[in-house]
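Peer 1:
There are 4 protein chains.
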Amino acid sequence: MVFFTNDYCIGAAPEILERLQSDNLIRQPGYGTDPVCQSAKEKIRKACRAPEADVFFVTGGTQTNQLVIDTVLEPYEGVIAARTGHVAVHEAGAIEYSGHKVIELPGHEGKVDAGELESYLTGFEQEEAREHMVAPGMVYISHPTEYGTLYTKDELKTLRKVCDGHGIRLYLDGARLAYALCAQGTDVTLPDISKLADVFYIGGTKCGALFGEAIVFPKGDAPSHYVTRIKQHGALLAKGWLLGIQFETLFTDGLYYKLGEHADRMADRIRKELERLGYPFLIETTTNQIFIILKNEQLDAFRAIVCAEVWEVPDSAHTAIRICTSWATTEQEIKSLLLCVKPFPKINGNDNQ
Amino acid sequence: MVFFTNDYCIGAAPEILERLQSDNLIRQPGYGTDPVCQSAKEKIRKACRAPEADVFFVTGGTQTNQLVIDTVLEPYEGVIAARTGHVAVHEAGAIEYSGHKVIELPGHEGKVDAGELESYLTGFEQEEAREHMVAPGMVYISHPTEYGTLYTKDELKTLRKVCDGHGIRLYLDGARLAYALCAQGTDVTLPDISKLADVFYIGGTKCGALFGEAIVFPKGDAPSHYVTRIKQHGALLAKGWLLGIQFETLFTDGLYYKLGEHADRMADRIRKELERLGYPFLIETTTNQIFIILKNEQLDAFRAIVCAEVWEVPDSAHTAIRICTSWATTEQEIKSLLLCVKPFPKINGNDNQ
Amino acid sequence: MVFFTNDYCIGAAPEILERLQSDNLIRQPGYGTDPVCQSAKEKIRKACRAPEADVFFVTGGTQTNQLVIDTVLEPYEGVIAARTGHVAVHEAGAIEYSGHKVIELPGHEGKVDAGELESYLTGFEQEEAREHMVAPGMVYISHPTEYGTLYTKDELKTLRKVCDGHGIRLYLDGARLAYALCAQGTDVTLPDISKLADVFYIGGTKCGALFGEAIVFPKGDAPSHYVTRIKQHGALLAKGWLLGIQFETLFTDGLYYKLGEHADRMADRIRKELERLGYPFLIETTTNQIFIILKNEQLDAFRAIVCAEVWEVPDSAHTAIRICTSWATTEQEIKSLLLCVKPFPKINGNDNQ
Amino acid sequence: MVFFTNDYCIGAAPEILERLQSDNLIRQPGYGTDPVCQSAKEKIRKACRAPEADVFFVTGGTQTNQLVIDTVLEPYEGVIAARTGHVAVHEAGAIEYSGHKVIELPGHEGKVDAGELESYLTGFEQEEAREHMVAPGMVYISHPTEYGTLYTKDELKTLRKVCDGHGIRLYLDGARLAYALCAQGTDVTLPDISKLADVFYIGGTKCGALFGEAIVFPKGDAPSHYVTRIKQHGALLAKGWLLGIQFETLFTDGLYYKLGEHADRMADRIRKELERLGYPFLIETTTNQIFIILKNEQLDAFRAIVCAEVWEVPDSAHTAIRICTSWATTEQEIKSLLLCVKPFPKINGNDNQ
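Going down the list, the sequences are from chains A, B, C and D. Reading the first sequence from the start, the letters are residues 7 to 359 in my numbering. Reading the second sequence from the start, the letters are residues 7 to 359 in my numbering. Reading the third sequence from the start, the letters are residues 7 to 359 in my numbering. Reading the fourth sequence from the start, the letters are residues 7 to 359 in my numbering.
1. Does P81 of chain C pass the burial test, meaning 16 or more other C-beta atoms within 10 Å, or should it be called exposed?
2. Does the region 114 to 124 of chain C come within contact of the region 137 to 147 of chain C, defined as at least 3 CB pairs closer than 8 Å?
3. Output the distance between the C-alpha atoms of I236 of chain B and A244 of chain B, rounded to the nearest integer angstrom.
4. Can you check the region 138 to 215 of chain C for any alpha helix (DSSP H) of at least 4 residues that lies completely inside it and give the ranges in chain order?
5. Considering only residues of the same chain and omitting the five flanking positions on each side of L196 of chain D, which have a CB-CB separation below 7 Å?
6. At 9 Å on the CB atoms, spell out the chain D contacts of I234 of chain B, in chain order.
7. CA-CA distance, E318 of chain D and T155 of chain D?
8. Are the C-beta of K237 of chain D and some C-beta of chain B separated by less than 8 Å?
9. Figure out for me which residue from C:I329, C:L111, C:P20 has the closest Cα to the Cα of F287 of chain C.
10. Spatial neighbours of N5 of chain D within its chain, please: CB distance less than 6 Å, with the 5 preceding and 5 following residues excluded, ordered by chain position.
11. In whole angstroms, give me the CA-to-CA distance for V108 of chain A and D321 of chain D.
12. Once DSSP output is grouped into helix, strand and coil, what is the label at N358 of chain D?
13. What residue range is occupied by the uninterrupted alpha helix (DSSP H) comprising F339 of chain C?
14. Rounding to the nearest angstrom, what Cα-Cα distance links Y361 of chain D and A323 of chain A in this structure?
15. Does the pairing of the region 17 to 33 of chain D with the region 26 to 42 of chain A give three or more beta-carbon distances under 8 Å?
16. With DSSP run on the structure shown, which of helix, strand or coil describes T325 of chain B?
17. In the DSSP assignment, what residue or residues form a beta bridge with E219 of chain D?
18. Run through chain B and tell me which residues come within less than 7 Å of G99 of chain A, C-beta to C-beta.
19. Return the CA-CA distance between Q69 of chain D and G171 of chain D, expressed in angstroms with no decimal places.
20. Could you please tell me which residues of the region 12 to 33 of chain D, in chain order, have their CB closer than 8 Å to any CB of chain A?
21. Does chain A have any CB closer than 8 Å to the CB of Y103 of chain B?
22. Taking 8 Å as the cut-off, decide whether the C-beta atoms of M7 of chain A and I276 of chain A are in contact.
23. Taking CB distances under 8 Å as the criterion, tell me whether H268 of chain B reaches chain D.
24. Compare the beta carbon distance of G284 of chain D and G240 of chain A with 8 Å and say whether it is the shorter of the two.
25. So, under 8 Å CB-CB, D270 of chain A and N294 of chain A are touching, yes? Tell me the CB distance rounded to an integer number of Å.
26. Do the CB positions of A135 of chain D and H96 of chain C come within less than 8 Å of each other?
27. Is there a Cβ from chain C that is less than 8 Å from the Cβ of H394 of chain A?
28. In chain A, what lies closer than 8 Å to V168 of chain B by C-beta?
29. Assuming the contact rule is C-beta atoms closer than 8 Å, L216 of chain B and L248 of chain C should be a hit. Round their C-beta distance to whole Å, please.
30. So is Q252 of chain D buried or exposed if we call it buried at 16+ other beta carbons inside 10 Å?
31. To be precise: take each residue of the region 208 to 235 of chain A, compare its Cβ to all Cβ atoms of chain C, and keep it if any distance is under 7 Å. Which residues remain?
32. What's the C-alpha gap between T90 of chain B and T151 of chain B?
33. Based on DSSP bridge pairs, tell me the residues matched to L248 of chain C.
34. Can you tell which of B:K47, B:L202, B:I298, B:G113 has the C-alpha that lies nearest to the C-alpha of T164 of chain B?
35. From N356 of chain B to P349 of chain B, what distance separates their C-alpha atoms?
36. At which residue ranges does the region 228 to 313 of chain C contain complete beta strand (DSSP E) runs of 3 or more residues, listed in the order of the chain?
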């Protein structure tokens, strides 16, 4: 049985654990005021080519989304997201808990469409009753999306343009950013994101860290009193250098990219083989998440050999499964998976969805 | 030019103003602890045939929706509403401001469909990740809806059954309740609503009062410390008896029904005439709101004689207009309107949407 | 039995009811966009000699305090108030409900002391851990205070100077402002307040209106999207002109001052007589609230003739009572009170606290 | 220069890092559903002799306080704390951010006095206007307090009794609990706390863990949907087992007690020597925090050899300094400190505060 359930099921890249070990007894000032955090922030600024960037470290993704959205928005503003966006579905209402509406647009394989966004924003501005409505203040996108898909640089530029045209901000959730940056065919780099987004985060938890996300305001325009606001959200880690150590390590010698590269290449191999075996895909992806559609009668056999999450039920005869690699996926696991998976049954040839 | 823009554009039924005048110098204890409020509540209990009901008075609709939803829901719960529901669209985010997500279902002429509700709730309960999602705790419906439509008693019973099946509450927004109760053909009475809803409000602002809404918990199970919670929401009127006077008057000698009856009959006459003149309707209604579709070239002429709100733009050639009567609509206004409106143009006969 | 319990126990000044009556059937646009509100705001601007002022009307005091404090403060800021201030004690936590801490300073007969304020603010700024503390963003004062006392113009100027020195705002709660402006010996005028406070409100509910408070930003710098924020707080009255009518009437022909004048003169007469009769005062006041200290054995007899609130229990042998006049206190009531009250007993002469 | 600034300035007990290392590549289910967390919870239940306890792990103290207070209180309730309590002063308003007032009582060397508590609660219940006030729902105490002091078992029992008498809950903040449990002379054990508090937390961050606090509801009556509420607060760690590993390690072979014991004994030695040298203490403590009062002219010399926090300024001639040991304080550090500290100057003998 091999494990492809998700990308946050094991600890940290060995380099990180080693550093935690070697620095363990070094005394540090608290709450992120230590030199390791400063150094990690500097490395992130360099990687982003954003020398003015404000960088903050917190421990998890929901926390990050709640904090960023609540602090960047005015209290009367809401955040626009794809209906399938993490903040719209899987944050247990953390965004609304902080007072902000998630305004849902259709998701297109997880992505927000710039045309639909433009149309929504224009409609809002023409709305006579708009003083009685939640003002859109930000667009939330994830890259990769919850469906493993990626925006192209042109798509990001167009979203940016729409946002600029309406004076709202663009926020990019990079929980799995390593896997986006290293995907085959992507033309979006970290400096691109720094240029195009008003704020984004570099995911650590799913990309090799024990835990931790780095929030980046590339233009250095983080809202004032940010440390106080982080603490007010219960998100200020006492031993802040633990986050500093992790991100400094991830951004030394390109480790963040190596980890992303590894997961994506592992996924590429699985994708290629599943395609060869005739498996239909729910969505075409190039990152570490693969979504295939199984006939329900295949399900038990498949899951007996591969631990993988049920993703959707497209119809009563089929089930979509997510296979997820990570920085820690081993050669052995790939081999086991590829060895066990049987060709997709072709009875009648015409019922693959 | 006659005024059919909305039903909250003038003061109060004369009976109410007279009572305010005659009671003006009577000393009263504050914050709704006065005998007039007690008497008004008792009259409402009788009208609802709900002798155990808890009744509270507040000043407006958004305030009521925010208060009821926030106090009835647990902090981790959200409220389900039609996508067109007032709480989903036109409360300026007051629901989210109090921490709760509005979970949107499709609206069917403003109504929530019991089948879709059942399907959503079942889906949620089967969801593996439901601990990471907003738990549905209440269904919000409006009666009449924002589109002037009504639920039948059977529809309400079915919604009730679905709610019971999943342990969630049913909340009915009665901002225009008088116009629902007096509509031709409705089989839903105030006692029916008291039996079928967990909580609802009887609208005053749009139905003859200067201002004010009566929140009713028919089973007498209002959340504890309700006066404190009303005050905490900034919604406790110092001179509470002003609300008591208004509702006592509305529920004396059937005034509330007389006012509703008047508006609905006025609307019936307009509806009948517009139908005769060949006007197409956006939605069939029996309450005080009438939605007709005009060709854009008719718009200026029509609005030159009738003040009415643009409701929707169904397509680039047509515009939907809302004509709204109220308890205060005069015979003269109806006559003016009917006199001026010209037959709907029948060029080609086939383009009425 | 005469009624001196409070100043919000009866309806409105007759002029207001007449105007509500005469305007009752005039059609008005909703939500305060009507011409009456515009005219009322203009009259308030004139009375304040603040031609640029932003003015908003809402229905009650708690609502006003919650709204102003929440919208003027940044989310990480708190409001400083006297420990006895209304927002610290009697708002049912409405300020904290909107996310802000009330930072308590000692109250001196209800007043904040500028020296203690300066000292607190300086201390905060020198505090090493201040990023982990609530940042003071505003000082809340009431005028008259909850103890009926008044600030002098010099005191207000000093508070203003302290606020300026630390970059925080000064908010004046004028729930009983009429009674402050008309007190004997006060040197503080409405234009003074407009010059010295960043935001304040002119109380209607306790000063002759049915309900309603006028929020004034004298410099015209109200936070953006204010109508949306009012609605988000559930505080936007549909029939906004009801507030407009009341404030236009109050600020026509000096009615607001006449009402205040009346109440204060009535109180002066009571004060003088009680003093003559040997009653000890808890606090010296010049406004419509009088606080006397009774021996407990006097209490029943006193309250048998005068309805008045128990205010404090200074020690186990005495009880402080508040006698409160209002714009509506009648000559007859004063006479009855003065007729019935007996000289304060002087047994031993030395135990008047 | 030796470091006695605080107890959260270095990493984790070696046993914890070893376990993180050895388990690093073991695949685990997310969000605390893993077997390590289950085992850690079981060990905590045993240590507490509370077999029914609900246990939850989160990452930090402010987060814990915000979460526990917000989820245990009803939305209209506030939490009572000493004026010097962490939630009253140093949480950046995180409690108010979640909507709850911190009701301040005097602190007595950091402790809440049961008599004052009783008096406050009785007063509140007799208050006529209590519906307009924040209802006290919980008492917050810290053990050790922010001043390093401890409650006795009798004091805790009395507080419990007062809470029971008024139907409110008792919450104990155990950020430094190890140092309380191992202090000389304390008669309060973990099972005692489990019997006497409704909810408490066992601090990890300051007591040997990298990070993490264990929230314990000893009676197993945690509010429903607790995982959802943790996530809603942004406090649900994806790799929950990281917390499980730390607490399992701390509660294996008495490690938690060993760490506490070590710090307290180190502090005892410092205390004894400082006493011998004539240093006056701000407060008598028996835990890992020592507060001494220096003459200002001693300050620079003292701080040149010992890193220690300035705590208070009792008067213009003296400064109180906190010396803080931890589980990681070394023999070498103690020796350096004891070697360098000079006798307290005794000029005139009478000016030690």
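Each residue gets a CB set at the ideal place from its N, CA and C atoms; glycine is no exception.
Peer 2: On the basis of the coordinates in this document:
1. Here residue 81 of chain C refers to the residue found at position 75 of the third sequence. Answer is buried; the Cβ neighbour count reaches 16.
2. At 8 Å Cβ cutoff, the stretches touch.
3. Locating residue 236 of chain B in the second sequence gives position 230, where the first residue counts as 1. Locating residue 244 of chain B in the second sequence gives position 238, where the first residue counts as 1. Taking the straight line joining both Cα atoms gives about 12 Å.
4. Those alpha helix (DSSP H) runs which fall completely within the region 138 to 215 of chain C and span 4+ residues are 159 to 172, 183 to 187, 196 to 202.
5. Here residue 196 of chain D corresponds to residue number 190 of the fourth sequence, with the count starting at 1. Within the same chain, L196 of chain D has close Cβ partners A53, C54, L187.
6. Here residue 234 of chain B refers to the residue found at position 228 of the second sequence. Sequence inspection shows Thr at residue 234 of chain B; the Ile mentioned does not correspond to that position. Within 9 Å of the CB of T234 of chain B, the CB atoms of chain D belong to Y82, R136, E137, H138, M139, V140, A141, in sequence order along the chain.
7. Your numbering for residue 318 of chain D matches position 312 in the fourth sequence. Your numbering for residue 155 of chain D matches position 149 in the fourth sequence. One alpha carbon belongs to E318 of chain D, the other to T155 of chain D, and they sit about 16 Å apart.
8. Locating residue 237 of chain D in the fourth sequence gives position 231, counting from the first residue. Closer than 8 Å to some Cβ of chain B, the Cβ of K237 of chain D qualifies, so yes.
9. Reading the third sequence from its first residue, position 281 is the one you call residue 287 of chain C. The shortest Cα separation from F287 of chain C among C:I329, C:L111, C:P20 belongs to C:I329.
10. Given a span of 7 to 359 for chain D in the structure shown, any question on residue 5 of chain D remains unanswerable.
11. The count along the first sequence starts at 1 and reaches residue 108 of chain A at position 102. The count along the fourth sequence starts at 1 and reaches residue 321 of chain D at position 315. Going from the Cα of V108 of chain A to the Cα of D321 of chain D covers about 53 Å.
12. As a position in the fourth sequence, residue 358 of chain D is number 352, starting the count at 1. Any answer about N358 of chain D is weak, because its pLDDT of 45 lies below 50 and its placement is not dependable; what the coordinates show is given next. Coil, per DSSP.
13. Within the third sequence, the letter at position 333 stands for residue 339 of chain C. It is worth fixing the name first, because residue 339 of chain C is Glu in this sequence and not Phe. 337 to 346 is the span of the alpha helix (DSSP H), which, as asked, contains E339 of chain C.
14. The structure shown has nothing for residue 361 of chain D, since chain D only spans 7 to 359.
15. Proximity of the region 17 to 33 of chain D to the region 26 to 42 of chain A meets the contact definition, three or more beta-carbon pairs being nearer than 8 Å.
16. Translated into the one-based positions of the second sequence, residue 325 of chain B becomes position 319. Here T325 of chain B sits in strand by DSSP.
17. By one-based count along the fourth sequence, residue 219 of chain D stands at place 213. E219 of chain D pairs with D:V64, D:G209.
18. Here the question's residue 99 of chain A lines up with position 93 in the first sequence. Residues of chain B whose Cβ lies closer than 7 Å to the Cβ of G99 of chain A are, in chain order, Y82, G84, K107, V140.
19. Against the fourth sequence, residue 69 of chain D aligns to sequence position 63. Against the fourth sequence, residue 171 of chain D aligns to sequence position 165. Rounded to whole angstroms, Q69 of chain D to G171 of chain D spans 29 Å at the Cα level.
20. For the region 12 to 33 of chain D, the residues whose beta carbon sits under 8 Å from a beta carbon of chain A are, in order, N12, Y14, C15, I16, G17, A18, P20, L23, L26, Q27, D29, N30, L31, I32, R33.
21. Counting from one through the second sequence, the residue named residue 103 of chain B turns up at place 97. Yes, because at least one Cβ of chain A sits closer than 8 Å to the Cβ of Y103 of chain B.
22. Start at 1 with the first residue of the first sequence, and residue 7 of chain A comes out as number 1. Start at 1 with the first residue of the first sequence, and residue 276 of chain A comes out as number 270. Not in contact: M7 of chain A and I276 of chain A (Cβ atoms no closer than 8 Å).
23. On the second sequence, position 262 is the one that residue 268 of chain B refers to. It does not; no Cβ of chain D falls within 8 Å.
24. Taking the fourth sequence and counting its residues from 1, one reaches residue 284 of chain D at position 278. Taking the first sequence and counting its residues from 1, one reaches residue 240 of chain A at position 234. Inclusion of G284 of chain D and G240 of chain A in the CB contact set at 8 Å is not warranted, their separation being larger than that value.
25. Your numbering for residue 270 of chain A matches position 264 in the first sequence. Your numbering for residue 294 of chain A matches position 288 in the first sequence. The pair is a contact, with the Cβ atoms about 6 Å apart (cut-off 8 Å).
26. In the fourth sequence, the residue the question calls residue 135 of chain D occupies position 129. In the third sequence, the residue the question calls residue 96 of chain C occupies position 90. Yes, Cβ-Cβ distance for A135 of chain D and H96 of chain C is below 8 Å.
27. For residue 394 of chain A there is no data in the structure shown, the boundaries of chain A being 7 and 359.
28. Stepping through the second sequence from its first residue, residue 168 of chain B is reached at position 162. Ordered by position in chain A, no residue passes the 8 Å Cβ test against V168 of chain B, which lies about 21 Å from the chain.
29. Counting from one through the second sequence, the residue named residue 216 of chain B turns up at place 210. Counting from one through the third sequence, the residue named residue 248 of chain C turns up at place 242. With a contact defined as Cβ atoms closer than 8 Å, L216 of chain B and L248 of chain C qualify at about 6 Å.
30. Within the fourth sequence, numbered from 1, the residue matching residue 252 of chain D stands at position 246. Burial check for Q252 of chain D: the Cβ neighbour count within 10 Å reaches 16 or more, so the residue is buried.
31. Per Cβ criterion, the list reads H231, V233, T234, R235.
32. As a first step, residue 90 of chain B is located in the second sequence; it is residue number 84 there, counting from the start. As a first step, residue 151 of chain B is located in the second sequence; it is residue number 145 there, counting from the start. If I take the Cα positions, the gap works out to 9 Å.
33. Taking the third sequence and counting its residues from 1, one reaches residue 248 of chain C at position 242. Paired residue(s): none; L248 of chain C is not in a bridge.
34. Your numbering for residue 164 of chain B matches position 158 in the second sequence. Nearest C-alpha to T164 of chain B: B:L202.
35. Within the second sequence, the letter at position 350 stands for residue 356 of chain B. Within the second sequence, the letter at position 343 stands for residue 349 of chain B. Note that N356 of chain B has pLDDT 49, beneath the 50 cutoff, so the model's placement of it is unreliable and the number below is only indicative. Rounded to the nearest angstrom, the two C-alpha atoms are 15 Å apart.
36. Listed in chain order, they are 287 to 289, 295 to 301.
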